[in-house]
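So the sequence shown is residues 1 to 139, counted in the numbering used here.
Cβ coordinates follow ideal geometry from the N, Cα and C atoms, glycine included.
One structure is given here, and the rest of the page talks about it.
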Amino acid sequence: MSAVFIVIEKMIPQMLLTEIERRYGVVPEYLWRDAPDYAVFRHAENRKWFAVLLNPPGVRLGLAQTEAVWVLNVKALPENLVILRGMDGVLPAYHMNKSHWLSLHLAALPDAVILDLLDDSFQLTRKKFKPRILHDAPA
């Protein structure tokens with residue numbers, strides 16, 4: 001009898017930085033001296049933020065752990081927040097408007113979900129975006 005192993009890659013910050021630059025042509029901006037690892041990503045044409053990469057202590061995110069946790073803050077439609085927050089690894093936004101932003105726990109979500117929600121945030125913060133309303137949680 002042979003064993004089958006399925007490896008699920010977890011998004012790590014460096015992979016995410018590389019993917020954002022590849023997809024959107026955007027490099028991170030490091031705005032805070034007291035938080036040098038926190039990176040902001042914004043559109044070149046309107047300077048609106050579409051994502052923020054940070055690693056606060058887990059307890060600040062409502063988690064039991066005190067160690068730093070990598071999260072990506074993304075914008076979402078208010079009408080989709082209830083569905084999205086029902087997913088493991090999707091948290092109320094850290095240091096952002098919780099009516100429009102989410103924190104995605106990078107180690108707790110599949111890469112595909114992170115990238116889909118990142119793309120939604122990118123599109124949502126662009127000029128002239130027609131949003132889609134979710135009826136089920138993304139796969």
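Does residue i come out as helix, strand or coil in the three-state DSSP assignment?
i    : result
L91  : strand
I20  : helix
M11  : coil
Y117 : It is Leu, not Tyr, that sits at residue 117 in the sequence shown. Helix, per DSSP.
L134 : coil
When you compare only the Cα positions, how much space is there between residue i and residue j?
i    : j    : result
M122 : A64  : The residue asked about is misnamed: residue 122 is Phe in this sequence, not Met. When rounded, the distance between both Cα atoms is 30 Å.
G58  : V69  : 5 Å
L54  : V26  : 17 Å
V40  : L134 : 26 Å
R85  : F50  : 18 Å
L109 : K127 : 28 Å
V71  : G89  : 9 Å
A44  : Y24  : 10 Å
A35  : L16  : 18 Å
W32  : H100 : 22 Å
Taking the alpha-carbon of residue i as reference, which of the options has the nearest alpha-carbon?
i   : options             : result
M96 : A107, A76, D88, L84 : A76
L81 : D88, V71, P92, L72  : P92
M87 : S103, M15, P36      : S103
P13 : D37, L117, E79, E67 : D37
Leaving out five residues before and five after residue i in sequence, what residues of the same chain have Cβ atoms less than 7 Å from its Cβ?
i  : result
E9 : Confidence is the limiting factor: at E9 the pLDDT is only 48, short of 50, which leaves the residue's position unreliable, though a coordinate-based value still follows. Here the set comprises D111.
Below 6 Å CB to CB, which residues in the same chain sit around residue i once its five sequence neighbours on both sides are set aside?
i   : result
V52 : V40, N73
Excluding the five sequence neighbours on either side, which residues of its own chain have a C-beta within less than 8 Å of the C-beta of residue i, listed in chain order?
i   : result
E21 : V27
(message) If we require 4 or more residues per run, which alpha helix (DSSP H) segments fall completely within the segment 29-113?
(response) Complete alpha helix (DSSP H) runs here, min 4: 81-85.
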